[in-house]
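**Q** I have a structure here, written as structure tokens, and I will follow up with some questions on it.
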Ligand code: SF4
Ligand code: SF4
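Numbering (our numbering), first residue to last: 16 to 468.
Next up, the structure:
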């Protein structure tokens, strides 16, 4: 089995050894208070429960009428204690529903639904009702991805098991321990989109998973599934960051390019994280909404690196010290991986649907060097997998020339951080690009508002 890849990219130290062989430790049922962000992907939701109300695990607690939205559900049975803003991933304050867990065990799931005999509309409604979003980081609503714009023909559904971020091993563990559910979710996604080909894409540092996946694929072939859902294979990609980026993965496994500014559907592809596919299977087979998730807890300042599964809304700080023990000298706490994750000011933030990891880093894993002057070495250009010129984008943004940075491709930047990683001057290029893109979006909103008037 040969490995495929894309141009550019970087090779940060993998640092996966501490957790890659550790089974996921389930911390469910959970007996503490959870803080569930009201909106987790898509358009803003509104709470539909009140303070003092008793809720069951799996009960819908916030929703919106907007198509580009997903509901959120209670992840524990208990009583709604507060509905107020608090620190969430991204270092922002966001509205959360605080539920104090009780020991009633009350649970309300949806009735099971056969994905291969129900209508396409029923299947898409189930995916939305289950609150499914991309669990790899972006939290994009899954039903929207599975319902691409009219005129697009989906030929491939790609299960994204690349997990290219250093430290993170939760996707690999899901594949190892629940391969049958990932394959079932992939078959369901193929059935909904009409794709004839399913690919489970792995980096070649996870080639040992191919066996368990081939077995799950063979079992799926024995099931009476829908047309096309049997053509599933495993493809190995080179271990290189950011192999798990949608556009990079599509190029690596199909040889196709997603045009600038377009969605994967423009290249006939839908890409879904393997955790999302596992949860899609559960949403149909058990009627279970997305209320728990697995994540990797690691970093050299963490004495008990592990993979855990917790109810959505669990405060990371509440797991310390009973479940997570820290070493002295925590310099940085990151929600997500070290390349694309967000540095948090405290551990008291809730695990969300897209929290793939929490890292506790010490000084030796963290660059605290001051930004120096650009030496024009061009390393950032060679590292950029989107074939942009980060140095020119950065200079334009520093000079407040937003239009020029857009001409250099600012809006095509996937914020992977490869350029910052290789820059010898320690220029936090990706931070300039995140801010620059935010400015562009604000500008566009202002222009749209003017147009409406
Ligand atoms: S890598 Fe850093 S120093 Fe080199 S050209 Fe790019 S921004 Fe300048
Ligand atoms: S952060 Fe943006 S500019 Fe930098 S390497 Fe990634 S895609 Fe290219």
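Beta carbons: idealized from backbone N, C-alpha and C, even for Gly.
#1: Using DSSP with H/G/I as helix, E/B as strand and the rest coil, what is residue 375?
#2: Could you check which residue in 343, 217 and 374 has the C-alpha nearest to that of residue 259?
#3: Excluding the 5 residues flanking residue 101 on each side, which residues of the same chain have their C-beta closer than 7 Å to its C-beta?
#4: From 187, 126, 270 and 233, pick the residue whose C-alpha is nearest to that of residue 322; which is it?
#5: Which value, in whole angstroms, describes the spacing of the CA atoms of residue 469 and residue 149?
#6: Check whether the Cβ atoms of residue 491 and residue 208 lie closer than 8 Å to each other.
#7: Would you list the residues sitting across from residue 176 in a DSSP beta bridge?
#8: Tell me the rounded alpha-carbon separation between residue 155 and residue 57.
#9: Hey, would you say the C-beta of residue 405 is under 7 Å away from at least one heavy atom of ligand 1?
#10: So what's residue 124 in DSSP terms, helix, strand or just coil?
#11: Is it right to say residue 439 is buried, meaning 16 or more other beta carbons lie within 10 angstroms of its own, or is it exposed?
#12: In this structure, does DSSP put residue 96 in helix, strand or coil?
#13: With the cut-off set at 8 Å, would you say residue 423 and residue 403 are in Cβ contact?
#14: Using a Cβ-Cβ cut-off of 6 Å (strictly less than) and excluding sequence neighbours within five positions of residue 180, which residues of its own chain qualify?
#15: Name the one or two DSSP bridge partners that residue 247 has.
#16: Could you check whether the stretch 21 to 40 touches the stretch 182 to 200, counting it as contact only if at least three pairs of C-beta atoms, one from each stretch, sit closer than 8 Å?
#17: Determine the DSSP secondary structure at residue 265, reduced to helix, strand or coil.
#18: Taking 8 Å as the threshold, find out whether the stretch 303 to 311 comes into contact with the stretch 357 to 368 through three or more Cβ pairs.
#19: Would residue 459 be called buried (16 or more neighbouring beta carbons within 10 Å of its own) or exposed?
#20: Take the Cβ of residue 379 as the centre, count every other Cβ of all protein chains shown within 10 Å, and call the residue buried at 16 or more, exposed below.
#21: Ligand 2 heavy atoms versus the CB of residue 71: any closer than 7 Å?
#22: Run the CB neighbour count on residue 134, radius 10 Å, all protein chains shown included, and call it buried at 16 or more, exposed below.
#23: Tell me whether residue 429 counts as near ligand 4, meaning its Cβ is closer than 7 Å to at least one heavy atom of that ligand.
#24: Which full runs of the beta strand (DSSP E) of 3+ residues lie inside the stretch 323 to 405, going along the chain?
#25: Once DSSP output is grouped into helix, strand and coil, what is the label at residue 40?
#26: Taking 8 Å as the threshold, find out whether the stretch 275 to 290 comes into contact with the stretch 36 to 49 through three or more Cβ pairs.
#27: For the stretch 387 to 406 against the stretch 67 to 85, do three or more pairs of beta-carbon atoms, one drawn from each stretch, fall closer than 8 Å, so that the two count as touching?
#28: So, helix, strand or coil for residue 426, using DSSP?
#29: At which residues does the alpha helix (DSSP H) containing residue 75 begin and terminate?
#30: Comparing alpha-carbon positions, which option in 178, 192, 386 and 161 lies nearest residue 283?
#31: For residue 54, count neighbouring Cβ atoms within 10 angstroms of its own Cβ and tell me buried if that reaches 16, exposed if not.
#32: Identify every residue that forms a DSSP beta bridge with residue 171.
#33: With DSSP as the reference, label residue 279 as helix, strand or coil.
#34: Can you name, in chain order, every residue of its own chain whose Cβ lies under 8 Å from the Cβ of residue 377, other than the five neighbours on each side?
**A** Here's the rundown:
#1: For the purposes of this step, residue 375 is identified with residue 360 of the chain shown, where counting begins at 1. If DSSP states are grouped into helix, strand and coil, residue 375 belongs with the strands.
#2: Here residue 259 is taken as the residue at index 244 of the chain shown, counted from 1. Nearest of 343, 217 and 374 to residue 259, Cα basis: 217.
#3: The residue labelled residue 101 in the question sits at position 86 within the chain shown. Only 50, 108 and 111 meet the Cβ criterion.
#4: On the chain shown, position 307 is the one that residue 322 refers to. Ranking the options by Cα distance to residue 322, first place goes to 187.
#5: The first residue shown for the chain is 16 and the last is 468, placing residue 469 beyond what the model contains.
#6: Any question about residue 491 goes unanswered here, given that the chain covers just 16 to 468.
#7: Position 161 of the chain shown, counting from 1, holds the residue named residue 176. Its beta-bridge partners are 217.
#8: For this step, residue 155 is matched to residue 140 along the chain shown. For this step, residue 57 is matched to residue 42 along the chain shown. Counting only the Cα atoms, residue 57 lies some 6 Å from residue 155.
#9: The sequence position of residue 405 within the chain shown is 390, counting from 1. Yes, the beta carbon of residue 405 sits closer than 7 Å to at least one heavy atom of ligand 1.
#10: Looking up residue 124 in the chain shown gives position 109. Look at residue 124 here: in three-state DSSP terms it is coil, with no helix or strand label.
#11: Here residue 439 refers to the residue found at position 424 when the chain shown is read from its first residue. Exposed, by the Cβ-count rule.
#12: The count along the chain shown starts at 1 and reaches residue 96 at position 81. Judged by DSSP in its simplified three-state form, residue 96 adopts strand.
#13: Reading the chain shown from its first residue, position 408 is the one you call residue 423. Reading the chain shown from its first residue, position 388 is the one you call residue 403. Yes, the pair counts as a contact, with Cβ atoms nearer than the cut-off.
#14: The residue given as residue 180 occupies position 165 in the chain shown. Short of 6 Å from the beta carbon of residue 180, and not among the five residues preceding or following it, lie these beta carbons of its own chain, in chain order: 352 and 354.
#15: On the chain shown, residue 247 is found 232 positions in, with the first residue counted as 1. Answer is 213.
#16: Contact between the stretch 21 to 40 and the stretch 182 to 200 is present, because at least three Cβ pairs lie under 8 Å.
#17: Reading the chain shown from its first residue, position 250 is the one you call residue 265. Three-state DSSP puts residue 265 in a helix.
#18: Under the Cβ criterion (8 Å, minimum of three pairs), the stretch 303 to 311 counts as touching the stretch 357 to 368.
#19: As a working mapping, residue 459 is identified with position 444 in the chain shown. Residue burial is scored here from C-beta neighbours: residue 459 has fewer than 16 other C-beta atoms within 10 angstroms and is therefore classed as exposed.
#20: Numbered from 1 along the chain shown, position 364 holds the residue referred to as residue 379. Counting of Cβ neighbours within 10 angstroms places residue 379 among the exposed residues, the total staying below 16.
#21: Locating residue 71 in the chain shown gives position 56, counting from the first residue. For residue 71, the shortest separation between its Cβ and any heavy atom of ligand 2 does not lie below 7 Å.
#22: Here residue 134 corresponds to residue number 119 of the chain shown, with the count starting at 1. Classification for residue 134: exposed.
#23: Among the ligands present in this structure, namely ligand 1 and ligand 2, ligand 4 is not found.
#24: Correct list: 347 to 350, 357 to 359 and 372 to 376.
#25: The residue labelled residue 40 in the question sits at position 25 within the chain shown. It is a strand residue.
#26: Flag = no, the stretch 275 to 290 and the stretch 36 to 49 do not touch.
#27: Contact between the stretch 387 to 406 and the stretch 67 to 85 is absent, because fewer than three Cβ pairs lie under 8 Å.
#28: As a working note, residue 426 is residue 411 in the chain shown. Looking at residue 426 - three-state DSSP - the assignment turns out to be helix.
#29: One-based indexing of the chain shown puts residue 75 at position 60. For residue 75, there is no enclosing alpha helix (DSSP H); the enclosing beta strand (DSSP E) has its first and last residue at 75 to 78.
#30: Sequence index remark: in the chain shown, residue 283 carries index 268 (1-based). Of the candidates 178, 192, 386 and 161, the one whose C-alpha sits nearest the C-alpha of residue 283 is 161.
#31: Within the chain shown, the letter at position 39 stands for residue 54. Around the CB of residue 54, 16 or more other CB atoms lie within 10 Å, so the residue is classed as buried.
#32: Locating residue 171 in the chain shown gives position 156, where the first residue counts as 1. In DSSP, residue 171 forms a bridge with 212 and 284.
#33: Position 264 of the chain shown, counting from 1, holds the residue named residue 279. In the structure shown, residue 279 sits in a helix (DSSP, three-state: H, G or I).
#34: Within the chain shown, residue 377 is the residue found at index 362, counting from 1. Same-chain partners within the cutoff: 314, 315, 316, 342, 344, 345 and 346.
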